[in-house]
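S.K.:
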Amino acid sequence: MKTIKQYSQTLLLTLPLLLSACGAYLDVNPKSEVTDKELFATAEGCEDAIYGIYAEIGGDRNGLYGQMLAYKYPDLMTGNFTINQSDDMAYVVQRQWTHDNAIAVAEKIWVSGYKAIGHVNKALSHILPKDDGEFRHTRLYKGELLALRAFLHFEMARIFAVSFASGDAAAKAKAIPYVKSYGIQVTPYSSLDKVFELIIADLTEAEKYLEEDKTLLPVERNNSMGDFTSNRITHFNLYAVKALLARVYWTMNDLEKAEDYAQEVIDSGKFPLKTTAGAWNGLETGTLDMQETVVGLYSTTFTYYYYFDLIRSSTSMGSMKLAEQYTSIYEADQEGNADRRYVAWFDRNNNWCTKHYNVMYASSNDSGSTATYNGNSIPGVSLIRIPEMYYIVAEANLTKDLGKATEYLDYVVTSRDQTAFADREAGKITEENIFNDRRKEFFADGGDFHNMKRLARDLTIPGMGTFAGNDDATYTMPIPASVEDNYRQ
């Protein structure tokens, strides 16, 4: 069976084919076509290409989930962390969008995102035309690639397009390009509504191809790697697609459809909340949660840079520090025992957020720690975890079934060792209670930023003042003129 080490070696071997903008894989010429035909002529070649795309998304630190989109951009933007002024992100946090350093950050994210989309489209151009029975897992290949295309466009829209709450009709009419082919042709920009229509279309088609995941994805999981169907939480599996559809509809404020998909993921029973002290005590930070992760990326790039940015910062090696406001976030609505998240994810003696601190990088600089990675889980970043589905169901029921709304928020709250809202004096919840618990759950995960953008919440960052939620500049990164056409590459 493939171990994680072997899996990472496979990814590294496929990266030269997929990640080099100058390499044969990305060139549009006869020589490249021969290379492509050879690569996609076998099941192993198709799988290597898909693994390479996952590695690209998880390994790109400046533009994707190796660092930037996982925590650096979204959590700095909400003030959960602070950043050295020497870092380009300092100008982004200050919303100095015309500054060269802020433009450089935007360029990296845009180019990285559309480059990855190009790789997905290139793989789709070879795999979609295949008969479903050509290889054992052809349908899975098709479903995962369609889901990846939808996911990447969704991420680009969340960063570069205005929200549905925006009053800027012109900005909504020209959101981002939704690119469905690989090559030098130019794809025109689509409206915000059209982009989300296309995202939903790709995800809906992906669902049909991924039905096999109902039997492939077990409730009890570990990090053993076998063939392509092993460890499905490291792939865009069926439940990841349903969860992403829930997130997409939630972003559009279509809470009825969002609830339907979120409920499907919950009712599958495959992603139980951690409800015991033993489950929390056995948690390895900086890894995919074997119970609660619906989909994540194997990425030692992510775990390393989180360590470098936020743990070694105490030795002046890192550029980010935990902001003082984190304690007030966990004090909101607190009732009962100490919140398990607060206990598990923070080192209050050193003022660290250890949520994604993987002990494989522990060193003598870390309070003399000698801990090592035990190999029982997967280093990397979770893209979707099950608590998000409970929040969506709770929010969807606030105005139609307050009892159900309270029940679903309480599932998360009690699993974190807090007193159920149903047992508190008010006996029910408000929208603010959901907002507050989301902030606790998604600290250092980026979800907080996207929720605040959706709600157009005013944002106060100590030392900078308050940014107005109804000002698109607060949450939307302008597309630099220098890269507007780079999605063609």
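In mature numbering (1 follows the signal peptide of the UniProt record, and there is no 0), the protein residues as written are -26 to -1, 1 to 463. We put the CB at the ideal spot given by N, CA and C, even for glycine.
So, under 8 Å CB-CB, Ala131 and Ala149 are touching, yes? Tell me the CB distance rounded to an integer number of Å.
M.R.: Indeed, because the Cβ distance is near 6 Å, the residues count as touching under 8 Å.
S.K.: Going by beta carbon distance, what residues of the same chain come within less than 7 Å of Ala232, once the five residues before and after it are set aside?
M.R.: Hits under 7 Å: Ala220, Tyr223, Trp224, Ile366, Ala370.
S.K.: Who are Tyr163's beta bridge partners in DSSP?
M.R.: DSSP output for Tyr163 lists Pro151 as bridge partner(s).
S.K.: Taking just the CA atoms, how far does Glu21 sit from Thr261?
M.R.: When rounded, the distance between both Cα atoms is 23 Å.
S.K.: Is it buried or exposed, Lys11, if we count other Cβ atoms within 10 angstroms and call 16 or more buried?
M.R.: Exposed is the call here.
S.K.: Kindly provide the ranges of any beta strand (DSSP E) runs that are 3 or more residues long and lie completely inside the region 29 to 89, ordered along the chain.
M.R.: List check, beta strand (DSSP E) in window: 55 to 57.
S.K.: Between Met426 and the rest of its own chain, which residues show a CB-CB distance below 8 Å, the 5 nearest in sequence each way excluded?
M.R.: Once the five neighbours on either side are set aside, the close Cβ partners of Met426 are Thr52, Leu433, Gly443, Tyr449.
S.K.: Label Gln41 either buried or exposed according to how many other C-beta atoms from any shown protein chain fall within 10 Å of its C-beta, with 16 as the threshold for buried.
M.R.: Gln41 should be labelled buried.
S.K.: Would you report the Cα separation of Lys46 and Asp397, rounded to the nearest angstrom?
M.R.: About 37 Å.
S.K.: Using three-state DSSP, classify Val136 as helix, strand or coil.
M.R.: Three-state result, Val136: coil.
S.K.: Measuring alpha carbon to alpha carbon, tell me which of Arg69, Ala135, Asn211 ends up nearest Leu271.
M.R.: The shortest C-alpha separation from Leu271 is found at Asn211.
S.K.: Taking 8 Å as the cut-off, does the region 61 to 71 touch the region 19 to 33 (at least 3 CB pairs, one atom from each stretch)?
M.R.: No, they do not touch.
S.K.: Can you find the residues in the same chain that come closer than 6 Å, C-beta to C-beta, to His111, ignoring five residues on each side of it along the sequence?
M.R.: Cβ neighbours of His111 beyond the five flanking positions: Phe202.
S.K.: Taking the straight line between their C-alpha atoms, what separation do you get for residue 467 and Leu43?
M.R.: Any question about residue 467 goes unanswered here, given that the chain covers just -26 to 463.
S.K.: Please give me, in chain order, every unbroken run of the alpha helix (DSSP H) with length at least 4 that falls completely inside the region 303 to 381.
M.R.: Here the runs fully enclosed are 314 to 319, 361 to 370.
S.K.: Would you identify the three-state DSSP class for Met426, choosing helix, strand or coil?
M.R.: In this structure, Met426 counts as helix in the three-state DSSP scheme.
S.K.: Over what stretch of residues does the alpha helix (DSSP H) that includes Thr225 continue unbroken?
M.R.: Unbroken alpha helix (DSSP H) run through Thr225: 212 to 225.
S.K.: Any idea if Leu38 is buried or exposed, counting beta-carbon neighbours within 10 angstroms, 16 or more meaning buried?
M.R.: Classification for Leu38: buried.
S.K.: Taking the beta carbon of Gln159 as the centre, do at least 16 other beta carbons fall within 10 Å, making it buried, or is it exposed?
M.R.: Flag for Gln159 reads exposed.
S.K.: Quick one: residues in its chain with C-beta nearer than 7 Å to the C-beta of Ala447, no 5 flanking neighbours on either side, listed in chain order?
M.R.: Excluding sequence neighbours, Ala447 sits near Arg69, Trp71.
S.K.: When DSSP labels each residue in this structure, what does Ala455 get in the three-state scheme?
M.R.: Looking at Ala455 - three-state DSSP - the assignment turns out to be helix.
S.K.: Out of curiosity, what's the CA-to-CA distance linking Asp384 and Leu429?
M.R.: Roughly 22 Å separates the two Cα atoms.
S.K.: Looking only at DSSP bridge pairs, what is Lys295 linked to?
M.R.: Lys295 pairs with Thr56.
S.K.: Ignore the nearest five residues each way along the sequence and tell me which others in Ala78's own chain have a CB closer than 7 Å to its CB.
M.R.: Once the five neighbours on either side are set aside, the close Cβ partners of Ala78 are Asp62.
S.K.: Pair every Cβ in the region 247 to 261 with every Cβ in the region 349 to 361, then say whether three or more of these pairs are closer than 8 Å.
M.R.: Cβ pair count under 8 Å is three or more, so yes.
S.K.: Determine whether the beta carbon atoms of Leu122 and Gly87 lie at a separation below 7 Å.
M.R.: In this structure, Gly87 does not lie closer than 7 Å to Leu122 by Cβ.
S.K.: Does DSSP put Lys115 in a helix, in a strand, or in coil?
M.R.: According to the sequence provided, residue 115 is Tyr. The question's Lys does not apply to it. In the structure shown, Tyr115 sits in a helix (DSSP, three-state: H, G or I).
S.K.: List the endpoints of the continuous beta strand (DSSP E) containing Phe441.
M.R.: Where Phe441 is concerned, the enclosing beta strand (DSSP E) stretches over 439 to 441.
S.K.: For the beta strand (DSSP E) that contains Val193, what are its first and last residues?
M.R.: Counting along the chain, Val193 falls outside any beta strand (DSSP E), and DSSP gives it neither H nor E.
S.K.: Identify which residue in Ser293, Val457, Leu357 has its Cα closest to the Cα of Gly420.
M.R.: Selected option, being the one with the closest Cα: Leu357.
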